[in-house]
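>
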Amino acid sequence: MEAARKLDQEIAESVLQIIYGGKYISPLKRKRINAFWDFCYATFWSNQNFAEAEKEKFKELIADHFAGVDDPNQKFIELVERAVLAKRYIRRRSSRYITKPIDWLNINFKKGLSGTASWYKELNEQRKTVPHYNEGIAVLANGILDFSKFGRSQQITEYRKHLIKMEQYDLVFLYQNAIIHLLFIA
């Protein structure tokens, strides 16, 4: 009976495949790609409207960042942390900005999401010597991941309280904005 149920589930998942840019994307990666787009949209471009075709193109660009990744959850956390680093970077000076999604999400655009890879590497190097360095960013990323996996309101409150306790008020705002977007707008 259990084997038959597993087979039915495998068949259902194979029927529901989505192809991005001519490549098959597993259901888990597809969920993380969608959640990362929703996070970026809420964080950078929430005051803009995009056509469904544009959103699909943006998701194709995000899929390039997930190519060859064995653990989509870990990659999702990394990308969220990198996006937050970019958000903090642009907040430090009013002359800084995030380009349009078609550029910023492109894996070949070095002044976009791809350019944050070196920042993330430096962040991880710092964490080796100072374990709680920029811990709030990791808490936010895990909170968004957990919400995209489970969607429980109790978790929202716990992550929010944790960020407030850490006095990471900019991250509280980003977290709440992303959750509202995931709940009501996406």
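Numbering-wise (the numbering used here), the sequence shown opens with residue 1 and increments by one. Just so you know, even glycine gets a beta-carbon here, dropped at the ideal spot from N, CA and C. All values reported here derive from a predicted model rather than from experimental measurement.
1. Compute the distance between the beta-carbons of residue 81 and residue 140, then report whether it is under 9 Å.
2. Please classify residue 130 as buried or exposed, where buried requires at least 16 neighbouring CB atoms within 10 angstroms.
3. Starting from residue 48, trace the alpha helix (DSSP H) both ways and give me its first and last residue.
4. Can you give the beta carbon distance from residue 32 to residue 66, rounded, assuming they're within the 8 Å contact cut?
5. What's the C-alpha gap between residue 25 and residue 63?
6. Need the endpoints of the alpha helix (DSSP H) that residue 160 sits in, please.
7. What residue does the alpha helix (DSSP H) around residue 127 start on, and which one ends it?
8. Considering just the uninterrupted stretch of the alpha helix (DSSP H) at residue 90, what are its terminal residues?
9. Output the distance between the C-alpha atoms of residue 148 and residue 113, rounded to the nearest integer angstrom.
10. Decide if residue 164 is buried, meaning its Cβ has at least 16 other Cβ atoms within 10 Å, or exposed.
11. Would you say residue 84 and residue 43 are within 9 Å of each other, going by their C-beta atoms?
12. Answer yes or no: do residue 136 and residue 155 have a C-beta to C-beta separation smaller than 9 Å?
13. Less than 8 Å between C-beta atoms, sequence neighbours within five positions excluded: which residues of the same chain meet that for residue 6?
14. Tell me the residue span of the alpha helix (DSSP H) that contains residue 172.
15. Pick out whichever of 119, 173, 183 and 111 has its Cα sitting closest to the Cα of residue 152.
In short, the structure shows the following:
1. yes
2. If you draw a 10 Å sphere on the C-beta of residue 130, you find fewer than 16 other C-beta atoms in it, and that means exposed.
3. No alpha helix (DSSP H) contains residue 48, which DSSP labels as neither H nor E.
4. 7 Å
5. 8 Å
6. In the DSSP annotation of this structure, the continuous segment of the alpha helix (DSSP H) that includes residue 160 starts and ends at 153-165.
7. Taken as a continuous stretch (DSSP letters only), the alpha helix (DSSP H) holding residue 127 covers 117-129.
8. 72-91
9. In this structure, the alpha-carbon of residue 148 lies about 21 Å from that of residue 113.
10. Exposed: under 16 other Cβ atoms inside 10 Å.
11. It is a contact, given that the beta carbons lie within the stated cut-off.
12. no
13. Only weak support is given to the placement of residue 6: the predicted model assigns it a pLDDT of 46, under 50, and the value that follows is read from those uncertain coordinates. Once the five neighbours on either side are set aside, residue 6 has no close Cβ partner at all.
14. 169-180
15. 183
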